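>
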Amino acid sequence: MFRFELYRVSTLLLGLCMLGAGPAHAQAARQAALADVGRTATPAEIKAWDIDVRPDFKGLPKGQGSVRQGEVLWEAQCASCHGSFAESSEVFTPIAGGTTAQDIKNGRVDGLMPGANQPNRTTLMKVATLSTLWDYINRAMPWNAPKTLTADEVYAVTAYILNLGNV
């Protein structure tokens, strides 16, 4: 009986080792096949994409912009998709609206609460922080030419949107 148990345990251990060797061998083969693909990013490439902005506003570049400057930029680069007053278009939902001074004071939008009679959810209702709004505009707008706005232009457009939302 003892020999049978020893044989069974040995066979089980050998089987487990073989199972582990298969995936390890496949992983090594995959790594070898891809060894010459790609390269390490240069510091300049990393810096160009290291543009994250945190909720505490760390990562925001220096800059400034006014509501008036934002309105001029909006009409030139944003209104064709989002409407002159961020009211929406056939494609995009409204950006401003649906928030109240009480929502801003409370830090939550009552129009998003269950049972609220809010016809559309706007961007300002859904965005978690102002830094998120700034970051999205900086990375993705205008849609046909993302990352082409300067920091000052992003601040100006953000100011215009906040003004439209009475923030």
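Residues 365 to 531, numbered by my numbering, are exactly what the sequence shown covers, in order.
Ideal placement from N, C-alpha and C gives every residue a C-beta, glycine not left out.
A quick note: this is a predicted structure, and the numbers were derived from the prediction, not measured.
(1) Rounded to a whole number of angstroms, what is the C-alpha to C-alpha distance between H446 and N481?
(2) Do you know how far the Cα of L494 is from the Cα of T514?
(3) Please name the residue, chosen from G471, T463, M505, D499, that lies closest to R485 on a Cα-to-Cα basis.
(4) Give a yes or no on whether the minimum CB-CB distance between V521 and chain C is below 8 Å.
(5) Looking only at its own chain, which residues have a Cβ that is under 8 Å from the Cβ of Q512, when we skip the five neighbours before and after it?
(6) Express the C-alpha separation of R403 and S430 in angstroms, rounding to a whole number.
(7) Tell me where the alpha helix (DSSP H) around W495 begins and ends.
(8) Smallest Cα separation from E517: which of E369, G427, K411, I410?
(9) Rounded to whole angstroms, what is the Cα-Cα separation between A421 and P478?
(10) Suppose contacts are defined by Cβ-Cβ distances below 8 Å. Is L488 in contact with G529 by that definition?
(11) For S452, which residues from the same chain have a beta carbon less than 6 Å from its beta carbon, with the 5 sequence-adjacent residues on both sides left out?
(12) Express the C-alpha separation of Y524 and W438 in angstroms, rounding to a whole number.
Looking at the atomic coordinates:
(1) 23 Å
(2) 18 Å
(3) T463
(4) Going by chain labels, chain C is absent from the structure shown, which holds only one protein chain.
(5) The question names Gln, yet the displayed sequence has Thr at residue 512. Correct list, in chain order: P506.
(6) 42 Å
(7) As written in the sequence, residue 495 is Ser, which differs from the Trp given in the question. Note, S495: alpha helix (DSSP H), 494-504.
(8) G427
(9) The displayed chain sequence assigns Phe, not Ala, to residue 421. Looking at the two C-alpha atoms, the distance is approximately 30 Å.
(10) yes
(11) P458
(12) 8 Å
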